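Visitor: Each residue of the sequence shown is one higher than the one before, counting from 134 in the working numbering.
Okay, handing you the structure first.
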Amino acid sequence: MSSSSPPPRPDDDDGAQEVGASDGRSLGYGEAEYWDARYVEEGGAPYDWYQRYDALRPFVRCFAPPASRILMVGCGSALMSEDMVTDGYVEIVNIDISSVVIEMMRKKYFDVPQLQYLRMDVRDMSMFPDESFDCAIDKGTLDSLMCGVDAPLSAAQMILEVDRLLKPGGTFILITYGDPSVRMPHLNQSACDWKVVLYILPRPVFTGKITRRVLDPVPLTERGRLPDGFVPEDPDSHYVYVCKKMQGLTGTGSPTVNHIERPAVT
Ligand SMILES: C[S@@+](CC[C@H](N)C(=O)[O-])C[C@H]1O[C@@H](n2cnc3c(N)ncnc32)[C@H](O)[C@@H]1O
134 MSSSSPPPRP
144 DDDDGAQEVG
154 ASDGRSLGYG
164 EAEYWDARYV
174 EEGGAPYDWY
184 QRYDALRPFV
194 RCFAPPASRI
204 LMVGCGSALM
214 SEDMVTDGYV
224 EIVNIDISSV
234 VIEMMRKKYF
244 DVPQLQYLRM
254 DVRDMSMFPD
264 ESFDCAIDKG
274 TLDSLMCGVD
284 APLSAAQMIL
294 EVDRLLKPGG
304 TFILITYGDP
314 SVRMPHLNQS
324 ACDWKVVLYI
334 LPRPVFTGKI
344 TRRVLDPVPL
354 TERGRLPDGF
364 VPEDPDSHYV
374 YVCKKMQGLT
384 GTGSPTVNHI
394 ERPAVT
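Below, the structure written as structure tokens:
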């Protein structure tokens, strides 16, 4: 993929685009300038990375009821938030580092009171008070930061900010191409007390047989890794980490994996 070609859509034959999966840091995915230029070039065309809301709906509905106050980080030009409003969500605060895309989205949704768009760096969301969201969702922003300079520091800052903004018992839903060996170290940082449950979604273009049901968690080892010999049906699957903030809840212990209850999807 080059920065001048239109991004393939998740349902294109050549599959969903992956942030830095092949061509990495040189494209500047970690830089605001890269994204501003890209959104100018795309002229405001909507684009959802990795997965559309219909595929993610089971997770979102399970772990964030429609009355939740939602923080959508690195929203880009995705239709995800609009689709969630159509599905009954009442308050979604979208942030992105690109002033270009934020301006475009503000204009597009000026008459949708459920959607708010703010230009903000996910590493410093000090404009928001502590514990002001029930749920935060990220699809592709952490992956972008991992392509930038000081990637580990950026990732740590983002995770700490998301943790700070979640209410006790709140949920962070992370959709990424990063498997547990590269994402769990960030999610398990010592300052956070999260229970993490992992799910795997095949790419929208994958046509092979899937035996796992969408809300069947994937077991993780004590160290937060995939079990030996575990191979996803789609080798380029997307990973959905559902992280519940335990800090501030009574009767909780240290961070654990795979312990989130499974409510019914409504
Ligand atoms: C791969 S795109 C994903 C867009 C959207 N979430 C989606 O699913 O289609 C990554 C987005 O993260 C934004 N981004 C990158 N670094 C950021 C940062 N430090 N703070 C906030 N947003 C950032 C980019 O501007 C871009 O819109």
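Positions of the beta carbon are idealized from the N, C-alpha and C atoms, including for glycine.
Just so we're clear, the structure is a prediction, and the values are computed from it rather than from any experiment.
Could you name the residues, in chain order, whose CB is less than 5 Å away from a heavy atom belonging to ligand 1?
Guide: Per the Cβ criterion, the list is V152, W168, D181, W182, G207, G209, A211, D229, I230, S231, D254, V255, K272, G273, T274 and S277.
Visitor: With DSSP collapsed to three states, give me the class of P189.
Guide: It should be noted that the sequence gives Leu, not Pro, for residue 189. Helix.
Visitor: Tell me the residue span of the beta strand (DSSP E) that contains R252.
Guide: Taken as a continuous stretch (DSSP letters only), the beta strand (DSSP E) holding R252 covers L248 to R252.
Visitor: Quick one: measure Cβ to Cβ for L331 and V347, integer angstroms, because I've assumed they're closer than 8 Å.
Guide: Contact flag wrong, Cβ pair sits at about 13 Å.
Visitor: Going by CA-CA distance only, name the one from M291, S314 and H319 that's closest to L353.
Guide: Nearest option by C-alpha distance: S314.
Visitor: Please state if the CB of I228 and the CB of A165 are separated by a distance shorter than 7 Å.
Guide: No; because the gap between Cβ atoms is not below 7 Å, this pair is not in contact.
Visitor: If Q249 sits next to V226, beta carbons under 8 Å apart, how far is it from one beta carbon to the other, in whole angstroms?
Guide: Sure, about 5 Å apart at Cβ, within 8 Å.
Visitor: Is the stretch 249-258 in contact with the stretch 166-177, if contact means three or more CB pairs nearer than 8 Å?
Guide: Contact between the stretch 249-258 and the stretch 166-177 is absent, because fewer than three Cβ pairs lie under 8 Å.
Visitor: On the CB-based measure, 16 or more other CB atoms within 10 Å of its CB, does T274 come out buried or exposed?
Guide: It counts as buried.
Visitor: Start and end of the alpha helix (DSSP H) containing W168?
Guide: Taken as a continuous stretch (DSSP letters only), the alpha helix (DSSP H) holding W168 covers A165 to E175.
Visitor: Which runs of the beta strand (DSSP E) spanning at least 3 residues fall entirely within the stretch 188-232, listed in chain order?
Guide: Those beta strand (DSSP E) runs which fall completely within the stretch 188-232 and span 3+ residues are 202-206 and 224-229.
Visitor: Leaving aside the five residues before and after G177 along the sequence, list all residues of the same chain whose C-beta is less than 6 Å from its C-beta, in chain order.
Guide: These residues qualify, in order along the chain: M237.
Visitor: Over the uninterrupted beta strand (DSSP E) stretch that includes L320, give me the two end residues.
Guide: Unbroken run through L320 is the alpha helix (DSSP H), P313 to L320; no beta strand (DSSP E).
Visitor: Candidates Y162, Q322, G357 and G302: which alpha carbon is nearest T383's?
Guide: Nearest of Y162, Q322, G357 and G302 to T383, Cα basis: G302.
Visitor: What residue from A197, R345 and K300 has the CA that sits closest to V223's CA?
Guide: Cα-wise, what sits closest to V223 is A197.
Visitor: With a Cβ-Cβ cutoff of 7 Å, do P335 and D367 count as a contact?
Guide: In contact: P335 and D367 (Cβ atoms closer than 7 Å).
Visitor: Kindly indicate the opening and closing residues of the beta strand (DSSP E) around V330.
Guide: Where V330 is concerned, the enclosing beta strand (DSSP E) stretches over W327 to L334.
Visitor: Taking the continuous beta strand (DSSP E) assigned at P301, which residues delimit it?
Guide: Per DSSP, P301 belongs to the beta strand (DSSP E) from L299 to T309.
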